[in-house]
Each structure stands twice: as structure tokens, then as C-alpha cells.
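Undergrad:
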Ligand code: BGC
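Numbering (the UniProt record's numbering), first residue to last: 1 to 790.
(1) Three-state secondary structure (DSSP) at residue 87?
(2) Shorter than 7 angstroms, the distance from the beta carbon of residue 382 to the closest heavy atom of the ligand BGC, or not?
(3) With a threshold of 7 angstroms (Cβ to nearest heavy atom), would residue 726 be considered close to the ligand BGC?
(4) Grab me the residues of residue 344's own chain with a C-beta within less than 6 angstroms of its C-beta, minus the 5 sequence neighbours each way, in chain order.
(5) Please report how far the alpha carbon of residue 790 lies from the alpha carbon of residue 766, in whole angstroms.
(6) In chain order, which beta strand (DSSP E) runs of at least 3 residues are fully inside the stretch 146-209?
(7) Return the CA-CA distance between residue 781 and residue 650, expressed in angstroms with no decimal places.
(8) Measuring CA to CA, which of 60, 123, 52, 86 is closest to residue 17?
(9) What residues are listed by DSSP as bridge partners for residue 578?
(10) Our contact map puts residue 194 next to residue 83 with C-beta atoms below 8 angstroms; I'd like the distance itself, whole angstroms only.
(11) Determine, using beta-carbon pairs with one atom in the stretch 421-438 and one in the stretch 461-479, whether at least three such pairs fall under 8 angstroms.
(12) Once the 5 residues before and after residue 144 are set aside, which same chain residues still bring their CB inside 8 angstroms of it?
(13) According to DSSP, which residues form a beta bridge with residue 261?
(14) For residue 266, which residues of its own chain have a beta-carbon under 7 angstroms away from its beta-carbon, when the five flanking residues on both sides are left out?
(15) Looking only at its chain, what residues have a beta carbon closer than 6 angstroms to the beta carbon of residue 549, apart from the 5 residues adjacent to it on each side?
(16) Between which two residues does the alpha helix (DSSP H) harbouring residue 632 extend?
(17) Give the list of continuous beta strand (DSSP E) stretches no shorter than 3 residues that lie fully inside the stretch 228-310.
(18) Assuming residue 81 and residue 178 are in contact, meaning their beta carbons sit under 8 angstroms apart, how far apart are those beta carbons, in whole angstroms?
(19) Among 12, 772, 158, which residue has its Cα nearest to the Cα of residue 257?
(20) Please classify residue 348: does DSSP put it in a helix, a strand, or coil?
(21) Below 8 angstroms between beta carbons: does that hold for residue 176 and residue 129?
(22) Rounded to a whole number of angstroms, what is the C-alpha to C-alpha distance between residue 133 and residue 127?
(23) Are the beta-carbon atoms belonging to residue 668 and residue 180 less than 8 angstroms from one another?
(24) Return helix, strand or coil for residue 541, following the three-state DSSP convention.
(25) If you draw a straight line from the alpha carbon of residue 74 to that of residue 507, how long is it in whole angstroms?
(26) Please state whether DSSP places residue 319 in a helix, a strand or coil.
(27) Please name the residue, chosen from 263, 356, 32, 452, that lies closest to residue 515 on a Cα-to-Cα basis.
(28) Quick check: the Cα distance between residue 597 and residue 551, rounded to an integer number of angstroms?
(29) Count the other CB atoms, across all protein chains shown, that sit within 10 Å of the CB of residue 660; report buried if there are 16 or more and exposed otherwise.
(30) Using DSSP's beta-bridge definition, name the partner residues of residue 478.
(31) Figure out for me which residue from 198, 779, 315 has the closest Cα to the Cα of residue 627.
(32) Note down, in chain order, each residue of its chain lying with its Cβ closer than 8 angstroms to the Cβ of residue 576, except the 5 sequence neighbours on either side.
(33) Taking residue 249 as the reference, give the member of 92, 408, 742 with the closest Cα.
(34) Among the residues of its own chain, which have a CB less than 7 angstroms from the CB of residue 603, if the five just before and after it don't count?
(35) If I follow the unbroken alpha helix (DSSP H) through residue 441, where does it start and stop?
(36) When every heavy atom of the ligand BGC is checked, does at least one fall within less than 7 angstroms of the C-beta of residue 609?
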């Protein structure tokens, strides 16, 4: 596990000051670079030692059979697993006959810096070989945001104590051996040699490998080229075989000289394109990379990020760790989604093989809300991808005897890949999460073309699904029975409150959209009766409530279930799913991630203030947060109901999930939703931002340690900047014409902000909420490092 404060607290960088081989896999995830299309784990240049080698391409997967001891009707037959594709990061170094390997000789200095503004990973190494020769190496790596298929590495070698004979071996390697799989079901199934060679081409300073997966039949091409700046008589040769290509660069470097190798990499994959087509595609990408060269790519990277931070940065005064972590989180969200372009955004982005590289509801519920207000074009892309999988989702609905579209719980390409139906198939709420992401995006951008061409159909097909899953009982009340909400410790139950409330809004907004786009709706076969039936269902939706206790029920009957015996649950038996049968988890009051609290965030319009407080108190005592998606939601509602310090603790858990490896599984990839959750906890928690309707609303309130919070939201082409201080909040509007203005709510009061003017409003005093609620023993917000004083 990553030990206490592995990375110094700095506002714009993640810096590792010494190499700790025990946490290599974790640091490879933290230092992974990606643009949403290509992902390189932060493996050391020389490839060894490694925790988990990894190079990924969005949606490049292999199929594997899902084994069932007792299969049932409608079980998915095969699963999709992300493939570790051809490794282009490899650069080995021979120092006077001795391979540079940090396990041998002496590491005199080793530093890695992930620079969040430059978008680069820079490594500096001072090494003494076992024979006593010293060398300095500086490598700078980037995965380009501006050239989607391109990555580049600048590798500099300098002798320290006299002239050195150095050989640089820069490689492309397919079918790397991977470490054995752990027992944790969340870890990817390891695929042995998944790539079959199709073509290998090598020439003086580079080459290309083309492979194809055995079962999914996807083709991948990786190409490399080098620019070499070395002393006179530097030699460059390349050789290759089916699974590898090696460019060798040899020279004698005198003191004061250096050898600099720039490695340009291009990746491409396709399920349809021919081998020559793909070969040309990566060759073209390399040509484009050569046009810019390393310096050009680096400049463009910086400009891209300058623009991103200009519109999206969040400033936090009073907690420098959170300041660093929220920027790291935003950077990871950007890395996961920026250039995904009509492909999914996976739970781990492209930083590791965890969860088999699958996308879940995490994307729509945690990642897209952040992107909606920071990089809205990426949201349109992600929803276009969902839309492109509609035929599969319709097919799945048919198999399940349902109408409309049943989107997969976990997938890479759109087919359901969950082998555990109570948490997979039954978790239908993903449909409403998608619908809500459509609503949010359209509301924030007024992109009516998207709404007409993409959004409408998603809304209609998801509404149809709800109408067919549910039924009106003899009193007319509408129920969604036998479903699973986000809380996977309460499965296949009637009327999950999160599902019901999200489905209710889904039905309403679908019915509204149909009236706006009559012709298009007609083409989708929607009749007035059908839309009316959606409204009827929504209005009659059952919202389970326990009048005796005065709290809502997470599912019908939840509050009368047996309590979980927390006192008798030792700390080492968490996460519970790894130590207790689902049978037991399902029949007791124990919550993995809090559905009701989540509903109170995204459907906060359905509860009053008193209900929110009572519900929060009740469910806090029963929520164990065995999912990293939990803390940010608890932070948001803790802030809303007045437990600002608790909200701050939860914010820290969400934000530091990977930098402190709080769940001890960062090795498999970073937790993109939890990192997005840092933004959510700050903006929706302490900023009190809600987007239930056309008027964005804010209820700013800061915990005692934060002196200032500033964030910006992109809203209908304008940029709204919000600066929260303990007693007042300032709003201003940028990027619009002088007469542009925006109406917002500040603590319930309607206010108009005009472009170029600042509106300053007082923050009402926060009403004392009483003593904070207790969590189950041992389950208070996680922290490894004691909070530091500002
Ligand atoms: C959570 C799910 C989530 C998945 C991927 C699980 O542990 O319970 O809600 O979608 O992780 O992040």
C-alpha cells in the first residue's frame, strides 16, 4: 500500500521523491498518462521491475467465456476484457555493458513528476552501475491531447564520471507476460498472449507491429520512430520479429555531451479496417507527430491544458492536500474522457486493468456531471457512444422480455458483461442515469441538435424500459419491483428509492421531450397514449417511506430488516463482499453505498430539508462505504444538512482515494468516479450547486478549515465563476457579450448576474445541525495521513 504521504503536497504536481519498489504498481496507476484513447501506465522506461505493465486502447478488448456452474436464461455468454496491447514505452539502456536496472547498482537519485499543467511525466534518475559507472537519465513522456493516436518520449542520457559507452534499445513489444491474477474478482482476468502477429516491419530508425485478437477479431497497429541527437558516430539499427521490434542506438558519450533520443509512437485499432488500411493509419499518425516533433507536441499539450485549467480549475484555500488532489482528480477525469470520442469512459479510465476495463453507471453519474460543466463536448461524445449501442440495448431488453433499451451494467463495447445478474442485469438504474446525463448536458448547453438526434431516442427508449419493468398496483401506485440500486448489498428488491426517483424523472423528461420533437417522436413510434402512460407512471411512482421512524426506505421494507451486527464485524472483514455471503448481506440493514443519500443529491428536489437530515442520520449508521463511489455523495449531503466538518472528511476520502491508496487497490488503476467526486464534493457540497432545473442554484457554505473556494462552470457558452468565502459569495460571468446575463439562485433567492459585473451576496449562517452522526464502528471517513494545519 502507498505509505504515508508518498507525494509532497504541491499545488500543480504529483512528485515522487524516491523509488519505492513495494508500491510500484500503485505509482504506475497514479503516473499513468492517457487522453481517453491511448493509455500508458507509468511503468519505468526500462520495463523492469514493474508492478503491472500496461498499455491500453479505448475499447480494444478480447472476449472470454463467462463460466457458469448453473447458467440461467438470459445470462451473458461472454465477457469483454481490456487487452494490454503492444508496449511502446520500453527504452532500455546499457551503460558500459551493464543494463540499467534499479534493482542493481545504486540509485543515487530518482524522481518522477506528473505535471498537471504540462501534461507530462518526467523522470530523473542518477544511477551507479554495479561496476561503479554513473549516469544521469531524464525521460519525459506524454500522451498527446491534440494528436489522439500519438505518444512521445524524450530520453536523455548523460555520463557523470568520464566517457561512457551507451546503448539505448527502444522497443515495441507485444504479448508481454503479466503477473498472476489475484483472488479479488474486481481485478481483470489475465489473458495470456492475446495478440496474434499479422505483420512486422522494421527500418532504420523505427518500425511497426500489427496484431489481431483471437476471439474478438480486433486488429491493432503500433508504430514507432526515433529522432536521435548524439555524438558523432552514433549508430542506429532496427531489427524485429513477430512480437517485438528493437531500435538500437549506440555511441560513446564524453563528459559534457549527451545522447538524446526522441521516440514517437502511434497507435490505431479497428474491427473493420483492413491490414493495409490500419498500417497506413498509424504511418500517417507518425508523420503528423513528426511534423510537430517532441517540442511541438509538448507545446500543444501545454496549450491544451492551459485552456482546460482556465475554464475548469478549482481553487481551495485551507487544505493544500485537497487542492492538489482535486486538480489531480480533474486531470484524471480529463485523461479518461478528453479524446474518448464516441467510446466509453471506463471506471479506471485507461490507467489499469481493474474491472476488466469496463464502463459502468459511474460514467453518467459521476464523471459526466463534471465534464458537463468543464468540457461539455466530451459529454456529447460519451452519450453518442451510448446511443451507438442502442441496438444492443434493445436486443437485451427483448431477451429480458422488456420494452425499450436495457443498457449493460458493465461493458466495453455495449454487450452486458456482468456474470452476476443480481448486481448486473437487475441494476436497471443505469438507464435513468443515462437519461439524466442527457438532461443535464442539454440543459447546460442548449445543444438542441444533439437533443433531437441523440438525446430524444435515449430518453424514449429508457422511458419505455421503465414502463415495461414497472406496474400499477390495484390502488394505481406504480412500482419497480425486483431491481438492484447502486447499493450492491441490497439486491433484487422492490422499489429501490434511487431507481424509482431517477426513473420518475426519466419518464417525465421523456414525455416532455416528445412534445418538443413531435415529428421525431412519431418516427420513433411514440403515441400520445404512450407518453401519457409515462406521465401516469411517474406521477404514481412509489416512494417508500417509514412513517413510524420518519425516514425514507432505501427499498420497500428496508427499515424492518434485521440490523447488521457491526460490533461483531472485525475491521479486517471489510470490504464485506469479500468475507460474507451475499445471502446475508442482502437480508440485513447494511449499505455498501448509500442509495437514498445519492437520491437526495441527484433528486434533491424530491425531499424537504427535514427529511434529508433525518434520512442522512439513519443511513450514516448503516453505510460501510465498501465502494469508492460513496464518500463524495456522503460529503455532498453532509454539507447540505449542516455537518460541514464531516463533509470535509468525506471530501478528503474521495479526493485522496488514489494519492493515498485508501482502498489499497490503486494498483489496478485509479478510481475515476471517486476523483470526479472530489470536484462534486467541493462544487455540489460546499458550493451547494444543484442543476434540477433551468436555473442553476447554489447554497455555498464552507467548513471551518477552508478560507476560500473558487470554481467555474461552463453554462450555455458562458463561464460562471463562483468564489465562496466564509461569509459571502461572489458570482461573475465571463466569455459572453456585454449584455449576456444569467439567472441563478443563491440560497433560494433569484439573482441575475450580468457579464463583466460581480455580484456579492452574504452566506446565511449555517444552522447548527447537532452532533454529527456516527458511522458503523471502524467505518468513519478514511484517512491515512493526519490532516495538516493550513
Ligand atoms: C460499485 C459500483 C461501481 C463499480 C465500478 C463497484 O464497487 O459498487 O457501483 O459501478 O464498483 O466502479
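Note that CB positions come from ideal geometry on N, CA and C, so glycine has one too.
TA: A quick look at the data gives this:
(1) strand
(2) no
(3) no
(4) 359, 385
(5) In this prediction, residue 790 scores a pLDDT of 36, lower than 50, which makes its location untrustworthy; no coordinate-derived value is stated.
(6) 150-159, 164-173, 195-203
(7) 6 angstroms
(8) 123
(9) Answer is none; residue 578 lacks a bridge partner.
(10) 5 angstroms
(11) yes
(12) 35, 150, 151, 152, 289, 297, 300, 301
(13) 155, 228
(14) 149, 150, 223, 282, 285, 286, 289
(15) 559
(16) 631-641
(17) 235-241, 244-253, 259-270
(18) That pair is no contact at about 12 angstroms.
(19) 158
(20) coil
(21) no
(22) 8 angstroms
(23) no
(24) strand
(25) 26 angstroms
(26) coil
(27) 452
(28) 12 angstroms
(29) buried
(30) 472, 541
(31) 779
(32) 489, 569, 585, 590, 592, 624, 626
(33) 92
(34) 501, 502, 505
(35) 430-445
(36) no
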